[in-house]
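S.K.: Protein chains in written order, with the numbering used here: chain A, 18 to 465; chain B, 18 to 465. The C-beta atom is built at its ideal place from N, Cα and C for all residues, glycine as well.
2 protein chains.
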Amino acid sequence: MAPRIEARTLKGFSDELPERAIVRERCIEVAKRVFRDFGFAPIETPALEYSEVLLGKLDPDSEVQRQIYRFRDHGDRDVALRFDLTVPFARFAAQHRQAIGMPFRRYHIGPVWRGENPQAGRRREFLQCDIDIIGTASAAADGEVLALVCHLMGALDVDRYELRVNDRRLLLSKFAEAGVTAGLEPVLRVVDKLEKQGPVAVADELERIGLSSDATRAVLDVCAIRGQAVELLQTLGTEAEHLREVVDMAVAAGADPSKLVLDLSIARGLDYYTGTVFETFLTDLPAIGSICSGGRYDDLAALYAQEPLPGVGASLGLTRLIDAWEQLGLLAEAPSTPAPVLVLQFADSAEESARVARRLRDAGIATEVYPDAKKLAHQLRYAERKGHRAVILYGPDEQARGVVKVRDMRARSELTVDQSELADHLMELLRQNRTAVGLTPRSTRGHP
Amino acid sequence: MAPRIEARTLKGFSDELPERAIVRERCIEVAKRVFRDFGFAPIETPALEYSEVLLGKLDPDSEVQRQIYRFRDHGDRDVALRFDLTVPFARFAAQHRQAIGMPFRRYHIGPVWRGENPQAGRRREFLQCDIDIIGTASAAADGEVLALVCHLMGALDVDRYELRVNDRRLLLSKFAEAGVTAGLEPVLRVVDKLEKQGPVAVADELERIGLSSDATRAVLDVCAIRGQAVELLQTLGTEAEHLREVVDMAVAAGADPSKLVLDLSIARGLDYYTGTVFETFLTDLPAIGSICSGGRYDDLAALYAQEPLPGVGASLGLTRLIDAWEQLGLLAEAPSTPAPVLVLQFADSAEESARVARRLRDAGIATEVYPDAKKLAHQLRYAERKGHRAVILYGPDEQARGVVKVRDMRARSELTVDQSELADHLMELLRQNRTAVGLTPRSTRGHP
C-alpha cells in the first residue's frame, strides 16, 4: 500500500464548506437575477491567458505584477492566471467587438488569483463580480448602474447602506477653485485613503507629496462636502452638471434617493476612472470598506484596440459582504444543507421513505433522505447538526396508520399529520424559516 | 503611446460569448435546483493545489499526468491546476471529515484544466459538474442518484434519453459464468469501447489482449444483454440482486422506469467503480456519448485517509449536452441578451425611458434601455441582432397621449397600448417566448 499523502490546501487558499458556500451561492444567484433584470448578459473568459495580454498594462514594479501567478506551459508559452476580470474584459471587448456589437453590457462572476501575503488575511484566490456597460458615454448608463446597485442591495436584503457618489471632474474643478491645480492624480490617490486613515494622516501625506498647508486645508475642506445627493447637487453650479444628470437618471431608473449621498471624498484611487465614481458602505459596518464600487472611464481597451471604448461599471465585493454578515452575527444559524426537510430511515422501509421524499420534492420542498436505518437518536443528531428545519418519521407504525410524524427541529415538538396533509403542513412550517440576511428563501427550495 | 498588444486567447482556451453563456448558466441553475431538491450542498475547492495532492493517485506515465498544468509558485512550492473535481473532493473529504460529518452529499460545479491536444477539438479548460453521496454503502443512495438523473433530464427539458445501468459485480459474475475469469480489469476497459467502436473492433482487441475466440464470443454475448431494466432484472438470478434493489429504490424515488435500461455493456473504464455503474444517452444523438455518468465506489479517499469512504456519484457533461443541442439545431435562435424587452431612447426623453423600464422590472420583466438617442432604425437593428422579443417606443407623441407603442420583433408588428396595460400585454407576448430546449423560461426574467 502506498504511503498516505497529507490532505492540505496551499497557504492563502481554502475550501468552502457547505455552510458558507450556500450563502455565497444564494448571493451570486440574487446578483445575477438583478443583472439580468437590467439586461446584462453573462460572459466567460479563460482563467489562463498570455502573460503579455494580462500584464501589458501593469507597471513592472507594481505590486500586482509581483503577485501574479506566471509560468511556462507545455508549449513553452509565457502564461499567467488572471488577477482581475477587467483586463480580460478589455481584451475580450477588443477581440470580439464586431461579434458583440456596441453598446454592450455584460456581467462576469469568477475567481481571480493573486499571490498576496496571506498573513494579512488576504486570500490568494477570490471571487470577483463585475458589470459594465461599454460603447456609450451617455449619463443614462451611469444612472442605470447606480439604480442597479440600489436594486442589488434591496435584493440582498441589505437595507441599511449609503451609496456615496462623486464625479472626478467635479472634484478636480473644486480643487482648482481652491487653488490646487498641479499634480492632481497623486492628490486623488491620497484623498482616497480618507475613509480608512482619517483626515490627520491624509493631511500629513498631502504635505509630504508637496502640497502647502493652505492647499492641504483646501483639499480637506472640499473633501468634507457631503450630504443627500439630490438636494446638495441643487446648490452647486455648472461644475456639478454631469453628476446632477446622472443622479436624476438614477432616481428615474429606480434608485432610492435617500440612499444616494454626494461625498466629495470619494476619489477611487485608480487612474482608470474619469467621470462618475461611487462606493457603497454598510451603515452597521462602514469600517469593512466599500462593498460595491465603480465608475465611468473613457477607454477600456486602449491597450488592444484603436477605437476608444468608453463605459461605466461596478464591482460587487461578495466576499467582503459575507464577511460583514459574519461579523454582524447574521450567519450564526446558517444551515449546512439546502434541504429544509430530512426523511429518516427505518429498517425495511427504504422504498417508503423514498416515496415520501419524492412526493415532497414534487410539491416543491427540497428533501434529503437519510440513507441507512441507523438508530433514530443518531439520525436526529445528524439533522440537528445539518440544520434541517423538519424531520419526517414514517416508520412501520405510521405506515400502518396512514399518517406521518413531523418533528419541528426548532420548536423540538412532534406532530402527527395525515399523509395527504403532509406537504401543506411542511409548507406552513417552512414559511417561518426566514434567515437573517440576503437570503430570505423565495421558495421552499431553500435558495431564492 | 505604447504599441498595441494583440487581443487573443491561448490555444485550447476560449471566451464564452453571451449567446452560449446564457444557455450554460441556465443549465447550471437548473442542475443546482435539482441537486438541492435532493439535499446536495455546494462546496468549493481551490483551483490550485499541491502537485503531490493532485498527482498522488496518478500513474507517472498516464496521459493526465502529462497534461497537467504544473509549476513552482512564489514560495517555490510545486503546485498544479486541478484536472478534475474528484481528486480534490477526496482530499476535501479526508481533510474535513469531522467538520462535515457522514453521510455527506455535495455538488461541485467548476472549471478544470488539462493541456490536451486542441487539434482534437478538446478544450484545455472545461466545466465539470459532479455530485456524490459518501459515507454510506446503502442501495438507497444509488437509487436516489439514478432518480436524480431522471429529474435532471426532465428539468433540462431532455425527454428523449436512455439511462443505461449495470453493476460491475453482475458483469463479472456473468463473465465467470461464461468461463472468462482471469485479468478482468483489462477486459472491462476494452468492453467500455463497445458503444464507440462497435463489436468487431472490440472483438479484435479482446483477442489481442489474450482472450480465446470462445471467450471473446462469450464476453460479447454477455455485453449484448440489454432491455428494460425492471423487467429484465426479474429474469436474472441472485447475481442481479444488488442492482434489482438499486433499480427498485430508483423507481420509488421517482425515476421513470421506461427510461431505465439494463445494459451489460456499460462497464465504465475507470478502475475506481466497484458496484452500480450508469451512463445516459440522448435518443436523438447517442453518438455524442454519455451526457451523465457515474457509479458506486468502495473508497474515495484511500490516498489521504485510513477509514474507507464508500459512496456513489454522478457527473453531468454540460458542455457535451450543449454541443448536442447545437448539433441538433436547437440553439439556432438563442438570444444574446437575457432581457426580452428593449426600451428605445428618444432625444430629451431619457428619464421617461428609465421610468418605463423601471415599471417593467418591478413587474418582473427583465428590461434593457438603449443608452443613446440614436436613429430608430439603428436601435431597431440592435434589438434584432440581440434577439429582444419586444421593443418599447415611448417618444414625445406617445408620452403626450399616455400610450406606449410595443413592437413584436418576431411578428414584425406594432401595437399601441395604454400605459397601464403595458406590463400585462408584454407578459402575454412573452408567454409565447418558449425556447427549444432545457431552457423553457420559468419567468419573464429570461432565466428559469
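By DSSP, does A/Asp-176 sit in helix, in strand, or in coil?
M.R.: Locating residue 176 of chain A in the first sequence gives position 159, counting from the first residue. Correct three-state label for A/Asp-176: coil.
S.K.: Check each residue of the region 321 to 349 of chain A: if its Cβ is closer than 9 Å to any Cβ of chain B, include it; give the result in chain order.
M.R.: Flagged, chain order: Tyr-321, Ala-322 and Gln-323.
S.K.: Please list, in chain order, the chain B residues whose beta carbon lies closer than 8 Å to that of A/Gly-118.
M.R.: Position 101 of the first sequence, counted from the start, is the residue given in the question as residue 118 of chain A. What A/Gly-118 touches in chain B: Tyr-399, Arg-402 and Lys-403.
S.K.: Kindly list, in the order they appear in chain A, the residues whose Cβ is closer than 8 Å to that of B/Asp-147.
M.R.: As a working mapping, residue 147 of chain B is identified with position 130 in the second sequence. Going along chain A, no residue has its Cβ under 8 Å from B/Asp-147, so there is no contact; the nearest lies around 14 Å.
S.K.: Indicate whether the contact test is met: 3 or more Cβ pairs, each with one atom in the region 58 to 76 of chain B and one in the region 90 to 104 of chain B, closer than 8 Å.
M.R.: At 8 Å Cβ cutoff, the stretches touch.
S.K.: Using DSSP bridges, identify the partner residues of A/Lys-422.
M.R.: What you label residue 422 of chain A is simply residue 405 of the first sequence in a count that begins at 1. According to DSSP, which records beta bridges pairwise, A/Lys-422 is partnered with A/Leu-410 and A/Thr-433.
S.K.: Roughly how many whole angstroms lie between the Cα atoms of A/Met-170 and A/Arg-337?
M.R.: Locating residue 170 of chain A in the first sequence gives position 153, where the first residue counts as 1. Locating residue 337 of chain A in the first sequence gives position 320, where the first residue counts as 1. Near 14 Å, if we compare the C-alpha coordinates of A/Arg-337 and A/Met-170.
S.K.: Given a threshold of 16 other Cβ atoms within 10 Å of its Cβ, counted over all protein chains shown, does B/Glu-248 qualify as buried or as exposed?
M.R.: Counted from its first residue, the second sequence places residue 248 of chain B at position 231. Burial call: exposed.
S.K.: How big is the Cα-Cα spacing for B/Leu-431 and A/Gly-312?
M.R.: As a working note, residue 431 of chain B is residue 414 in the second sequence. As a working note, residue 312 of chain A is residue 295 in the first sequence. It should be pointed out that residue 431 of chain B corresponds to Glu in this sequence rather than to Leu. Those two C-alpha atoms are separated by around 37 Å.
S.K.: Give me the chain A residues within the contact set of B/Thr-153, using Cβ-Cβ distance strictly less than 8 Å, ordered along the chain.
M.R.: Looking up residue 153 of chain B in the second sequence gives position 136. Under the 8 Å cutoff, chain A gives Pro-388 and Asp-389.
S.K.: Give me the chain A residues within the contact set of B/Ala-111, using Cβ-Cβ distance strictly less than 7 Å, ordered along the chain.
M.R.: By 1-based counting over the second sequence, the position of residue 111 of chain B is 94. Ala-24, listed in chain order.
S.K.: Against chain B, does A/Phe-88 count as a neighbour if the rule is that its beta carbon must be under 8 Å from one of theirs?
M.R.: Along the first sequence, read from residue 1 onward, the residue named residue 88 of chain A stands at position 71. At least one chain B Cβ lies under 8 Å of A/Phe-88.
S.K.: Tell me the rounded alpha-carbon separation between B/Val-197 and B/Val-236.
M.R.: As a working mapping, residue 197 of chain B is identified with position 180 in the second sequence. As a working mapping, residue 236 of chain B is identified with position 219 in the second sequence. Going by the C-alpha atoms only, they are around 8 Å apart.
S.K.: For A/Tyr-67, which residues in chain B fall below 9 Å Cβ to Cβ?
M.R.: Locating residue 67 of chain A in the first sequence gives position 50, where the first residue counts as 1. Residues of chain B passing the Cβ test: Ile-22, Glu-23, Arg-25, Thr-26 and Leu-27.
S.K.: When we look at the beta-carbon of A/Val-454 and count the other beta-carbons within 10 Å, is it buried (16 or more) or exposed?
M.R.: For the purposes of this step, residue 454 of chain A is identified with residue 437 of the first sequence, where counting begins at 1. Low confidence applies to A/Val-454: its pLDDT is 43, below 50, so where it sits in the model is not reliable, and the reading given next is rough at best. The residue is buried, with at least 16 neighbouring Cβ atoms inside 10 Å.
S.K.: Among B/Ser-310, B/Gly-227, B/Leu-211 and B/Ala-349, which one has its Cα closest to the Cα of B/Asp-238?
M.R.: Along the second sequence, read from residue 1 onward, the residue named residue 238 of chain B stands at position 221. The option with the nearest alpha carbon to B/Asp-238 is B/Leu-211.
S.K.: Are A/Pro-59 and B/Pro-35 touching if we call contact CB-CB under 8 Å?
M.R.: Reading the first sequence from its first residue, position 42 is the one you call residue 59 of chain A. Reading the second sequence from its first residue, position 18 is the one you call residue 35 of chain B. Closer than 8 Å, so yes.
S.K.: Nearest to A/Glu-324 by alpha carbon, out of A/His-259, A/Glu-46, A/Ala-38 and A/Ala-111?
M.R.: Mapped onto the first sequence, residue 324 of chain A falls at position 307. It is A/Ala-111 whose Cα lies nearest to the Cα of A/Glu-324.
S.K.: Please report the Cβ distance between B/Thr-26 and A/Pro-63, rounded to the nearest whole angstrom; I am assuming they are in contact, meaning their Cβ atoms lie under 8 Å.
M.R.: Residue 26 of chain B sits at position 9 when you count from the first residue of the second sequence. Residue 63 of chain A sits at position 46 when you count from the first residue of the first sequence. Confirmed, Cβ separation roughly 6 Å.
S.K.: A/Met-266 touches chain B at which residues, Cβ-Cβ below 7 Å?
M.R.: Stepping through the first sequence from its first residue, residue 266 of chain A is reached at position 249. In chain order: Ala-367, Glu-368 and Ala-371.
S.K.: Using the C-alpha atoms, what's the distance from B/Leu-163 back to A/Leu-281?
M.R.: By 1-based counting over the first sequence, the position of residue 281 of chain A is 264. By 1-based counting over the second sequence, the position of residue 163 of chain B is 146. When rounded, the distance between both Cα atoms is 59 Å.
S.K.: What in chain B is Cβ-close to A/Phe-30, meaning under 8 Å?
M.R.: Your numbering for residue 30 of chain A matches position 13 in the first sequence. Within 8 Å Cβ-Cβ: Pro-63, Leu-65 and Glu-66.
S.K.: Can you tell me the Cα-Cα spacing of A/Arg-301 and A/Gly-346, whole angstroms?
M.R.: In the first sequence, the residue the question calls residue 301 of chain A occupies position 284. In the first sequence, the residue the question calls residue 346 of chain A occupies position 329. For clarity, residue 301 of chain A is Asp in the given sequence; the question names Arg instead. Distance between the alpha carbons of A/Asp-301 and A/Gly-346: 12 Å.
S.K.: What are the residues of the region 281 to 306 of chain A that lie near chain B, defined by any Cβ-Cβ distance shorter than 9 Å?
M.R.: So nothing in the stretch comes that close.
S.K.: Counting only Cβ pairs nearer than 8 Å, list the residues of chain B close to A/Ala-383.
M.R.: Within the first sequence, numbered from 1, the residue matching residue 383 of chain A stands at position 366. Within chain B, the residues near A/Ala-383 are Arg-53, Asp-54, Phe-55 and Gly-56.
S.K.: My output table needs one value for B/Ser-366: the three-state DSSP class, helix, strand or coil.
M.R.: Here residue 366 of chain B corresponds to residue number 349 of the second sequence, with the count starting at 1. Three-state result, B/Ser-366: coil.
S.K.: Got a sec, what are the start and stop residues for the beta strand (DSSP E) A/Asp-78 sits in?
M.R.: Your numbering for residue 78 of chain A matches position 61 in the first sequence. Neither: A/Asp-78 is in no beta strand (DSSP E) and is coded neither H nor E.
S.K.: Give me, in chain order, the residues of the same chain whose beta-carbon lies closer than 8 Å to that of A/Tyr-411; leave out the 5 immediate sequence neighbours on both sides.
M.R.: As a first step, residue 411 of chain A is located in the first sequence; it is residue number 394 there, counting from the start. Counting only Cβ-Cβ distances below 8 Å, and skipping sequence neighbours, we find Val-360, Leu-361, Phe-363, Ser-366, Glu-369, Ser-370, Val-373, Val-421 and Lys-422.
S.K.: With a CB to CB cut of under 7 Å and the five nearest residues on each side skipped, what residues in its chain are close to A/Pro-120?
M.R.: Taking the first sequence and counting its residues from 1, the one referred to as residue 120 of chain A is at position 103. Result list for A/Pro-120: Ile-150, Ile-151, Gly-152 and Thr-153, in chain order.
S.K.: Residues bridged to B/Gly-466 by DSSP?
M.R.: Residue 466 of chain B falls outside the range modelled here, since chain B spans only 18 to 465, and no answer is possible.
S.K.: Are the region 175 to 191 of chain A and the region 254 to 267 of chain A touching, with three or more C-beta to C-beta distances below 8 Å?
M.R.: As far as the Cβ criterion goes, the region 175 to 191 of chain A touches the region 254 to 267 of chain A, which means the pair count is three or higher.
S.K.: So, helix, strand or coil for A/Phe-192, using DSSP?
M.R.: Locating residue 192 of chain A in the first sequence gives position 175, counting from the first residue. If DSSP states are grouped into helix, strand and coil, A/Phe-192 belongs with the helices.
S.K.: Indicate whether at least one CB of chain A lies closer than 8 Å to the CB of B/Glu-202.
M.R.: In the second sequence, the residue the question calls residue 202 of chain B occupies position 185. No, no contact with chain A.
S.K.: Taking DSSP as the reference, what is the three-state secondary structure of A/Arg-123?
M.R.: Here residue 123 of chain A refers to the residue found at position 106 when the first sequence is read from its first residue. Three-state DSSP puts A/Arg-123 in a strand.
S.K.: Please state the DSSP three-state secondary structure of A/Phe-109.
M.R.: Along the first sequence, read from residue 1 onward, the residue named residue 109 of chain A stands at position 92. Helix.
S.K.: Can you have a look at B/Asp-288 and say buried or exposed, based on whether 16 or more other CB atoms are within 10 angstroms of its CB?
M.R.: The residue labelled residue 288 of chain B in the question sits at position 271 within the second sequence. So B/Asp-288 ends up on the exposed side.
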